[in-house]
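What follows is a short report on a single structure.
Number of protein chains: 2
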Amino acid sequence: MPQIRKPEKKEQIKEAAARLFRDKGYSATSMRDLAEAVSLKASSLYNHISSKEEILREICFENAHRFRSGMEEVEQAQSTAMAKVEALLRLHVRTAMEDATSVTAFNDEWRHLNEPFLSEFKSLRRDYEQRFRLILLAGMEEGEFRQMDPNIALYTLFSSVRWVYDWFQPGRPLTAANVEDELTAFILQALRP
Amino acid sequence: MPQIRKPEKKEQIKEAAARLFRDKGYSATSMRDLAEAVSLKASSLYNHISSKEEILREICFENAHRFRSGMEEVEQAQSTAMAKVEALLRLHVRTAMEDATSVTAFNDEWRHLNEPFLSEFKSLRRDYEQRFRLILLAGMEEGEFRQMDPNIALYTLFSSVRWVYDWFQPGRPLTAANVEDELTAFILQALRP
DNA sequence: TATTTGCAAACGAACGTTCATTCGTTTTGT
DNA sequence: ACAAAACGAATGAACGTTCGTTTGCAAATA
């Protein structure tokens with residue numbers, strides 16, 4: 001009856017799953033692969049999780065909520081559009097570096113969710129994009145950003161971070177702070193008039 | 001015995017496969033899905049192709065060669081680094097719009113290749129990246145581009161195009177030429193000193 | 001007639017998941 | 001304090017399904 005369990009093993013499983021999903025993709029990752037990665041047999045996984053999709057689901061929604069929280073914090077601040085975009089960009093970059101494996105699942109593997117979670121996830125995504133778009137539009141209105149199609153700007157910002165979790169290895173030779181600063185500056189310059 | 005066949009049906013199959021690989025991923029696409037997409041039964045596919053991986057392989061290497069050709073053309077031109085990067089960027093954007101489905105396979109699904117093709121593909125990729133990197137470095141040397149880590153610039157350029165094949169639908173409301181011009185200008189501005 | 005194309009049937013392998021059972025460790029009743 | 005009961009965690013075996021692919025044969029095409 002008590003739903004509270006020791007979270008340790010489930011967390012281990014989710015972390016291993018996130019790494020496998022990044023390396024091989026969700027569909028190409030079998031429960032036997034995952035079991036081996038945590039030194040168990042496939043059947044034993046089900047003492048800790050209820051399905052393969054549950055793992056993906058939790059990874060996706062944890063990330064969705066992380067970005068939504070970041071957005072809410074940014075929206076509440078009384079600052080320029082430029083400062084808001086910078087804060088969000090830094091959040092994207094930092095998250096991609098600190099939790100690369102989860103972010104991959106969040107970005108690439110969410111389409112394997114089943115309904116109704118697929119629709120719920122897409123709705124969260126659309127909402128986040130819309131709020132980001134409004135910031136960009138406000139910045140263009142104020143002359144902080146150059147005039148351009150807001151969707152091109154929006155999706156290019158999102159995409160430009162996508163190499164980070166594929167390629168970044170800390171300290172070879174760039175540190176996380178290096179990448180965050182350089183990449184943020186790079187993209188912000190593209191936005192300026 | 002003769003290996004030369006009427007190419008029509010095989011092309012159809014490859015196009016349908018590219019679309020399915022984009023929408024569901026290589027592993028989540030079954031041969032029965034693919035057969036249905038071209039109004040055949042799964043067994044009939046094997047009259048035209050020799051394996052599922054062959055389809056992926058041909059898509060990946062056709063794209064690899066397309067980008068390598070573009071790179072060779074750019075390298076032969078006597079022009080500024082800026083002009084070279086612009087030409088390559090336009091190639092990336094245009095390819096992503098004209099052949100969105102293939103580019104997805106090329107970008108995301110190549111990891112499902114088997115050896116020795118996996119290594120061969122990665123080697124082609126590394127070579128392309130290296131040649132692109134040299135152009136960026138030359139541009140920084142000449143003061144055409146701002147000084148920055150060349151890898152950050154390189155991978156950010158590659159990534160920024162990745163939304164196109166996920167999101168772009170021609171004429172809603174942007175045309176292909178719109179996107180190409182705006183996106184290219186956007187990224188080039190990020191590179192300037 | 002010879003070759004190409006399509007299909008039903010079947011193949012072994014792998015898939016995600018369930019099940020009965022086992023083995024320690026806690027929790028409970030007395 | 002001690003036995004009984006409950007529980008968490010792990011397992012091998014098996015389930016039904018789907019996977020990519022092969023085979024044998026019919027229909028179409030040349």
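Sequence order for the protein chains is Y and B.
Under UniProt numbering, the first residue of the first sequence is numbered 1, with each subsequent residue one higher.
Under UniProt numbering, the first residue of the second sequence is numbered 1, with each subsequent residue one higher.
We treat Cβ as the ideally placed atom computed from N, Cα and C, and that holds for glycine.
Original post:
Can you check whether the CB of F186 of chain Y is closer than 8 Å to the CB of T156 of chain B?
Top reply: Within the second sequence, the letter at position 156 stands for residue 156 of chain B. Within the first sequence, the letter at position 186 stands for residue 186 of chain Y. Yes, the pair counts as a contact, with Cβ atoms nearer than the cut-off.
**OP:** Leaving aside the five residues before and after R131 of chain B along the sequence, list all residues of the same chain whose C-beta is less than 6 Å from its C-beta, in chain order.
**Re:** Residue 131 of chain B sits at position 131 when you count from the first residue of the second sequence. M71, listed in sequence order.
Original post:
What residue range is occupied by the uninterrupted alpha helix (DSSP H) comprising M148 of chain Y?
Top reply: Mapped onto the first sequence, residue 148 of chain Y falls at position 148. Counting along the chain, M148 of chain Y falls outside any alpha helix (DSSP H), and DSSP gives it neither H nor E.
Original post:
Under 8 Å, do M82 of chain B and K52 of chain B count as touching if we go by C-beta distance?
Top reply: Taking the first residue of the second sequence as position 1, residue 82 of chain B is located at position 82. Taking the first residue of the second sequence as position 1, residue 52 of chain B is located at position 52. Result no, Cβ atoms of M82 of chain B and K52 of chain B do not sit closer than 8 Å.
Original post:
Would a check of beta-carbon distances place R126 of chain Y closer than 8 Å to chain B?
Top reply: In the first sequence, residue 126 of chain Y corresponds to position 126, counting from 1. Chain B contact via Cβ: absent.
**OP:** Quick one: give me the first and last residue of the alpha helix (DSSP H) that G143 of chain Y is part of.
**Re:** The sequence position of residue 143 of chain Y within the first sequence is 143, counting from 1. Counting along the chain, G143 of chain Y falls outside any alpha helix (DSSP H), and DSSP gives it neither H nor E.
Original post:
At a CB-CB cut-off below 7 Å, which residues of chain Y make contact with G139 of chain B?
Top reply: In the second sequence, residue 139 of chain B corresponds to position 139, counting from 1. Going along chain Y, no residue has its Cβ under 7 Å from G139 of chain B, so there is no contact; the nearest lies around 14 Å.
Subject >> Pairwise C-alpha distance: N47 of chain Y and L183 of chain B >> reply: Taking the first residue of the second sequence as position 1, residue 183 of chain B is located at position 183. Taking the first residue of the first sequence as position 1, residue 47 of chain Y is located at position 47. Their Cα atoms are separated by approximately 49 Å.
**OP:** Can you say whether E11 of chain B is buried or exposed, counting buried as having 16 or more other CB atoms within 10 angstroms of its CB?
**Re:** If you number the second sequence from 1, residue 11 of chain B lands on position 11. Its Cβ having fewer than 16 others within 10 Å, E11 of chain B is exposed.
Original post:
What residue range is occupied by the uninterrupted alpha helix (DSSP H) comprising I84 of chain B?
Top reply: Mapped onto the second sequence, residue 84 of chain B falls at position 84. Just to set this straight, residue 84 of chain B is Lys in the shown sequence, not Ile. From DSSP, the alpha helix (DSSP H) with K84 of chain B extends over A81 to E98.
**OP:** Take A18 of chain B and list the residues in its own chain whose beta-carbon comes closer than 7 Å to its own, dropping the five residues that flank it on each side.
**Re:** Numbered from its first residue, the second sequence carries residue 18 of chain B at position 18. Same-chain partners within the cutoff: I59, T101, S102 and A105.
**OP:** Between the Cα of T29 of chain Y and those of Y:A138, Y:E109, Y:Q189 and Y:F145, spot the shortest distance and give me the residue it belongs to.
**Re:** Counted from its first residue, the first sequence places residue 29 of chain Y at position 29. Checking every option, the nearest Cα to that of T29 of chain Y belongs to Y:E109.
Original post:
Along chain Y, in chain order, which residues have C-beta atoms closer than 9 Å to that of M148 of chain B?
Top reply: Sequence index remark: in the second sequence, residue 148 of chain B carries index 148 (1-based). Residues of chain Y passing the Cβ test: E182, A185 and F186.
**OP:** Please work out which residues of its chain come closer than 8 Å, Cβ to Cβ, to E180 of chain Y, disregarding the five sequence neighbours upstream and downstream, and give them in chain order.
**Re:** Numbered from its first residue, the first sequence carries residue 180 of chain Y at position 180. Cβ within range, chain order: R90, V93, R94 and M97.
Original post:
Does A177 of chain Y come within less than 8 Å of chain B when only Cβ atoms are used?
Top reply: Here residue 177 of chain Y is taken as the residue at index 177 of the first sequence, counted from 1. With 8 Å as the cut-off, A177 of chain Y does not count as an interface residue toward chain B.
Original post:
Going along the chain, which unbroken runs of the beta strand (DSSP E) with 3 or more residues stay wholly within the stretch 39-77 of chain B?
Top reply: none
Subject >> Cβ neighbours of L124 of chain Y in the same chain (closer than 6 Å, five flanking residues each side left out) >> reply: As a position in the first sequence, residue 124 of chain Y is number 124, starting the count at 1. A64.
Original post:
Cα separation between I135 of chain Y and K84 of chain Y?
Top reply: Position 135 of the first sequence holds residue 135 of chain Y. Position 84 of the first sequence holds residue 84 of chain Y. Distance between the alpha carbons of I135 of chain Y and K84 of chain Y is about 8 Å.
**OP:** Would you verify that the beta carbon of Q169 of chain B is, or is not, closer than 8 Å to some beta carbon of chain Y?
**Re:** Here residue 169 of chain B is taken as the residue at index 169 of the second sequence, counted from 1. Cβ-Cβ to chain Y under 8 Å: no for Q169 of chain B.
Original post:
Where A87 of chain Y and V74 of chain Y are concerned, what is the direct C-alpha to C-alpha distance, given to the nearest angstrom?
Top reply: In the first sequence, counting from the first residue as 1, residue 87 of chain Y sits at position 87. In the first sequence, counting from the first residue as 1, residue 74 of chain Y sits at position 74. Distance between the alpha carbons of A87 of chain Y and V74 of chain Y: 7 Å.
Original post:
Is any beta-carbon of chain Y found at less than 8 Å from that of G143 of chain B?
Top reply: By one-based count along the second sequence, residue 143 of chain B stands at place 143. False, the Cβ-Cβ gap to chain Y never drops below 8 Å.
Subject >> Start and end residues, alpha helix (DSSP H) containing A16 of chain Y >> reply: Indexing the first sequence from 1 puts residue 16 of chain Y at position 16. Its alpha helix (DSSP H) spans residues E8 to K24.
Original post:
If contact means a Cβ-Cβ distance below 7 Å, which residues of the UniProt domain "HTH tetR-type" (7-67) of chain Y contact chain B?
Top reply: G25, S27 and A28
Original post:
Can you name the start and end residues of the alpha helix (DSSP H) that E115 of chain B belongs to?
Top reply: Numbered from its first residue, the second sequence carries residue 115 of chain B at position 115. Neither: E115 of chain B is in no alpha helix (DSSP H) and is coded neither H nor E.
**OP:** Below 8 Å CB to CB, which residues in the same chain sit around E142 of chain B once its five sequence neighbours on both sides are set aside?
**Re:** Counted from its first residue, the second sequence places residue 142 of chain B at position 142. Answer for E142 of chain B: T80 and A81, listed in chain order.
Original post:
Since Q189 of chain B meets chain Y, which of its residues come closer than 7 Å, beta carbon to beta carbon?
Top reply: Along the second sequence, read from residue 1 onward, the residue named residue 189 of chain B stands at position 189. By Cβ distance, chain Y contributes Q189 and A190.
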